[in-house]
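Here the protein sequences line up with chains H and W, keeping their order. If you're matching positions, the first sequence starts at 859 in the working numbering and goes up one per residue. If you're matching positions, the second sequence starts at 16 in the working numbering and goes up one per residue. Glycine included, every Cβ here is placed at the ideal spot set by N, Cα and C. Here the structure is a predicted model, which is why all the values come from computation and not from measurement. Before any comments, here is the structure.
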Amino acid sequence: MNKVIERLRRALPSGAILSSVEELKPYECDALTLYRQTPLAVALPADEAEVVMVLGICHETGVPVIARGAGTGLSGGATPRAGAVLMSLARLNRIVALDPLARTARVQPGVRNLAISEAAAPYDLYYAPDPSSQIACTIGGNVAENSGGVHCLKYGLTVHNLLALRVVTITGEVLEIGSAAPDAPGYELLALLTGSEGLLGVLTEVTVRLIPRPQCAQVVLAVFDSLATAGQAVADVIAAGIIPAGLEMMDRPTIAAVEPFVHAGYPLDAEAILLCECDGTAHEVEEEILRVEALMRRAGARECRVSRDEAERLRFWAGRKAAFPAMGALSPDYYCMDGSIPRKRLAAVLQAIRGMEGKYGLRCTNVFHAGDGNLHPLILFDSNVADEVARAEAFGSEILELCVREGGSITGEHGVGIEKLDQMCVQFGSGELETFHAVKRAFDERGLLNPGKAVPTLHRCAEFGRLHVRAGRLPHPELPRF
Amino acid sequence: MSDMISLRERIRAATEAQRPLLIRAGGSKDFYGGALAGELLDVSGLAGIVDYEPTELVITARSGTPLIEIERALAGCGQMLACEPPQFQGRATLGGAVAAGLSGPRRAYAGPLRDFVLGIEMIDGRGELLRFGGKVIKNVAGFDISRLMVGSLGTLGLITEVTLKTVPRPHAECTLRFEMTQPAALESMTLWATRPLPLSATAWHDECLHVRVAGAEAAVRAARERLGGEIVSGADRYWEDLREQRLPWLASAQELWRVSLPAHSPSLALAGQTLIEWGGCLRWLPGPRDASVLRARLASLGGHALRYRALARTEGPFQPLPPAMLSLHRRLKAAFDPRGIFNRGRLHPQL
């Protein structure tokens, strides 16, 4: 047997190390299923001491380690690598402490996102970030990817809802990052670790902020005959000084796909619908809903419906929530993109994406977080048809590059993983990429934690040939041309 | 552009000669952090708002821009900086505010300055001009270097431009006043924070609690009725004085300690006066005080302390870092500033 597996087996209790082909199969990919790889072994530590042991053995033997939560990530952040140890944190699944008066919960990384809100519910508190996978995804993965969700327009991303982390470095040191008391001494490592995609350390504990549950919520469903007017309505709501709890857009193909499933009452002939949720006290919601409705109508909404009760509010949302699964009826496969752009460019970018459909011979539907300019184009394809995977990937790349040109980003909330490595070369120059590598080395000198993810090597960018030229300087004059 | 080129050349030359530089614009925080050392790199000329799009809730400005100028531009469009950073008699600049990471009264309810930083442009120790983050609200491409810069006191590089998220000004605001002992005030602040109330600031001192509520008219009215207390007129001045540490004994204290504690922490029962902010998480204590005694007391509560202001800076004002953290800090510093030229000793004697 492999020496590393042997050492891991000796150090951890029986059943904590998997290495047979059948046992490894479920771990060969995360939710980015296009990429699969079988790891050397899977480690299932049950506490921090075991995490330290696994990392210690890997560090000593020079074997790469990839941390994994629930495997719901869409960018391949937890895709294994041949010869590497995949460390699942699923067994670290305890809520360590919940203090309703301090409004904090201290949880292990394998605790599911929704389980935190469920535990806080008796105190009328909840954990705000709500990625759409929240019934399954874990807080450890949320921190690693800085996950967002429908309500982050008003309540922030994961990074805005964290107080402290316990992190084990590749050398086995345990670090306390951040603090339940404000403004922890030293560098702002909490923000640096959040969204670092498992490249800097492995989480063993997360302290999150809980917030009081709003007394009530209502939704305005606004119907538009053009994407441009719907985009304008989004800008108008924000310009009026309103930060809704959620502001989501669905385009015509999405409406057509979801309505037969959920019967939410979406008009099938609309070009776009907006769902705008307001929450707070009853008076506050009443006041805000009136203002939102007036703004939507002034922007050109042909119809506005306000949810009359909780059942109707949930029905309005049902279509939005079912959008991704409903695509299964339209197409055998879909590819979910995640670019972000300034809100004012929404209509133009959506039109441009529509224009690309002909070029790639594939359909693309759009359902996304309009309020914060975070697009989720879904490219529909069939992996059984020759070259459709390649066309879908090329289509996706063009969308992301358009996002960068419009002043946005190649990823709003899903992370880079392995999926968007090439697009990183478009968004950043060699100086920034070198800085990322230097930061990585400060934490992990030998590059053993989740290698090959999140930050491309300069050679890869030179090969990709798209590294942007700044101020007339040729990128990487030091590198050979390919 | 030419000033950028000359700044980069100057930094590159300083690194080559291993000559320490002191980054400074308004000088409003000369009193803060470790003692000033190095050749002055005055960046006050690096000023001006570059881009402000009210409908995007985003503003970009050069780092030497006075905060007061930014607040004025935002106010003109019904917006503001959510965390109310102190302006230090109008001398504070955007770059300095980010480098120091100090937030004002709204911090406990709206989030720290860090939360609102979307992007930065900076020059590292090699003289490289680098851009991290961007001008969009959601962006998770690459490590979050923009937020890493918050509170680094210029030790990682020269910030040349900052993009911040802005927020709409509340439609209504009201300050309530309650006569209360410290334990009663701590209990009230803790309890109210667990309820869906539109709190935007709290402060207790001299046996009196001030509470500011802000938001939609209806929400403010409902909160006022629920909380009770006496309505304070002209309260803007009070919160401004608090933010600028101009309240009587705070302003006159020659040594001032800034104590951070987790929410729901008890009264510290220390001799002397106390001013409490942020729902109980921030406590101002006049000095002098024995640093190790105070820090030992706080450690048991999960808190930490910073000597905010002092007559003489003989020792580092910040809470010391554990050895593993300090060595990580030194490696990070070296990643940005390999020869250690930027703001030596400002954040930590060994950085």
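Is the shortest distance between the beta-carbon of residue i and the beta-carbons of chain H less than 9 Å?
{"i": "serine 167(W)", "result": "yes"}
{"i": "isoleucine 356(W)", "result": "no"}
{"i": "arginine 146(W)", "result": "yes"}
{"i": "threonine 30(W)", "result": "no"}
{"i": "lysine 44(W)", "result": "no"}
{"i": "glycine 157(W)", "result": "yes"}
{"i": "proline 69(W)", "result": "yes"}
{"i": "glutamate 245(W)", "result": "no"}
{"i": "arginine 122(W)", "result": "yes"}
{"i": "methionine 164(W)", "result": "yes"}
Considering only C-alpha positions, which residue in the set the options is nearest to residue i?
{"i": "lysine 883(H)", "options": "Ala940(H), Ala869(H), Arg865(H), Arg1212(H)", "result": "Ala940(H)"}
{"i": "alanine 62(W)", "options": "Tyr124(W), Leu55(W), Thr175(W)", "result": "Thr175(W)"}
{"i": "methionine 1195(H)", "options": "His1227(H), Phe1174(H), Arg1173(H)", "result": "His1227(H)"}
{"i": "proline 338(W)", "options": "Ala1176(H), Arg926(H), Glu1031(H)", "result": "Glu1031(H)"}
{"i": "glycine 1254(H)", "options": "Ile1101(H), Val1060(H), Ser933(H), Tyr1045(H)", "result": "Ser933(H)"}
{"i": "arginine 1156(H)", "options": "His1317(H), Ala1022(H), Phe1082(H)", "result": "Phe1082(H)"}
{"i": "tyrosine 1045(H)", "options": "Ala200(W), Phe333(W), Ala29(W)", "result": "Phe333(W)"}
{"i": "glycine 999(H)", "options": "Tyr1013(H), Leu983(H), Leu1051(H), Ala960(H)", "result": "Leu1051(H)"}
{"i": "serine 877(H)", "options": "Ala869(H), Ala901(H), Ala889(H), Leu890(H)", "result": "Ala901(H)"}
{"i": "valine 921(H)", "options": "Ala1098(H), Arg865(H), Glu1215(H)", "result": "Arg865(H)"}
{"i": "threonine 1269(H)", "options": "Ile1069(H), Phe1301(H), Ala1320(H), Gly931(H)", "result": "Gly931(H)"}
{"i": "leucine 983(H)", "options": "Ser1054(H), Pro1072(H), Ala904(H)", "result": "Pro1072(H)"}
{"i": "alanine 32(W)", "options": "Arg273(W), Gly140(W), His186(W)", "result": "Gly140(W)"}
Run through DSSP, which three-state label would residue i get?
{"i": "proline 808(H)", "result": "The requested residue 808(H) is not part of the displayed model; chain H covers only 859 to 1340."}
{"i": "lysine 1217(H)", "result": "helix"}
{"i": "proline 1070(H)", "result": "strand"}
{"i": "aspartate 1280(H)", "result": "helix"}
{"i": "isoleucine 291(W)", "result": "strand"}
{"i": "aspartate 159(W)", "result": "coil"}
{"i": "phenylalanine 357(W)", "result": "strand"}
{"i": "phenylalanine 103(W)", "result": "coil"}
{"i": "methionine 911(H)", "result": "helix"}
{"i": "glutamate 67(W)", "result": "According to the sequence displayed, residue 67(W) carries tyrosine and not glutamate. Looking at tyrosine 67(W) - three-state DSSP - the assignment turns out to be strand."}
{"i": "glutamate 1271(H)", "result": "coil"}
{"i": "alanine 936(H)", "result": "coil"}
{"i": "glycine 1330(H)", "result": "Low confidence applies here, because glycine 1330(H) scores a pLDDT of 42, under 50, leaving its location unreliable; read the following figure in that light. DSSP places glycine 1330(H) in coil when its eight states are reduced to three."}
{"i": "tyrosine 1124(H)", "result": "coil"}
{"i": "valine 247(W)", "result": "strand"}
{"i": "tyrosine 1045(H)", "result": "coil"}
{"i": "aspartate 1137(H)", "result": "strand"}
{"i": "proline 127(W)", "result": "coil"}
{"i": "glutamate 1031(H)", "result": "coil"}
Please check if any C-beta of chain W sits within less than 9 Å of the C-beta of residue i.
{"i": "valine 1297(H)", "result": "yes"}
{"i": "aspartate 982(H)", "result": "yes"}
{"i": "cysteine 995(H)", "result": "no"}
{"i": "glycine 1073(H)", "result": "Residue 1073(H) is actually glutamine in this sequence, not glycine. Closer than 9 Å: yes."}
{"i": "alanine 973(H)", "result": "no"}
{"i": "cysteine 1010(H)", "result": "yes"}
{"i": "serine 991(H)", "result": "no"}
{"i": "histidine 1317(H)", "result": "no"}
{"i": "glycine 1368(H)", "result": "Nothing about residue 1368(H) can be read from this structure; chain H reaches only from 859 to 1340."}
{"i": "leucine 866(H)", "result": "no"}
{"i": "alanine 1042(H)", "result": "yes"}
{"i": "histidine 1234(H)", "result": "no"}
{"i": "proline 1333(H)", "result": "Per-residue confidence for proline 1333(H) stands at a pLDDT of 43, beneath the threshold of 50, marking its modelled position as unreliable; no derived number is given."}
{"i": "arginine 1166(H)", "result": "no"}
Selection of the segment 1271-1288 of chain H by Cβ proximity to chain W, strictly under 7 Å: Glu1271, Gly1273, Val1274, Met1282, Gln1285, Phe1286
Cβ contact (3+ pairs, closer than 8 Å) linking the segment 941-957 of chain H and the segment 890-901 of chain H: yes
Cβ-based contacts, 7 Å cut-off: residues of the segment 262-283 of chain W near chain H: Ser275, Leu276, Pro277, Ala278, His279
Touching by the beta-carbon criterion (3+ pairs, under 8 Å), the segment 143-159 of chain W and the segment 111-119 of chain W: no
Three CB pairs or more closer than 8 Å across the segment 1032-1043 of chain H and the segment 973-991 of chain H: no
Inter-stretch contact at 8 Å, needing at least 3 Cβ pairs: the segment 132-147 of chain W / the segment 227-239 of chain W: no
Residues in the segment 1137-1164 of chain H having any Cβ partner in chain W nearer than 8 Å: Gly1138, Thr1139, His1141, Glu1142, Glu1144, Glu1145, Glu1146
Validate contact between the segment 205-213 of chain W and the segment 233-244 of chain W using beta carbons, cut 8 Å, 3 pairs: yes
Selection of the segment 1252-1264 of chain H by Cβ proximity to chain W, strictly under 8 Å: none
Inter-stretch contact (C-beta, 8 Å, three-pair minimum) for the segment 189-196 of chain W and the segment 357-365 of chain W: no
Cβ contact (3+ pairs, closer than 8 Å) linking the segment 274-286 of chain W and the segment 301-317 of chain W: yes
Contact the segment 965-976 of chain H vs the segment 1083-1092 of chain H: 3+ CB pairs below 8 Å: no
Contact residues within the segment 131-145 of chain W, judged by C-beta distance below 9 Å to chain H: Val132, Asp139, Arg141, Glu143, Leu144, Leu145
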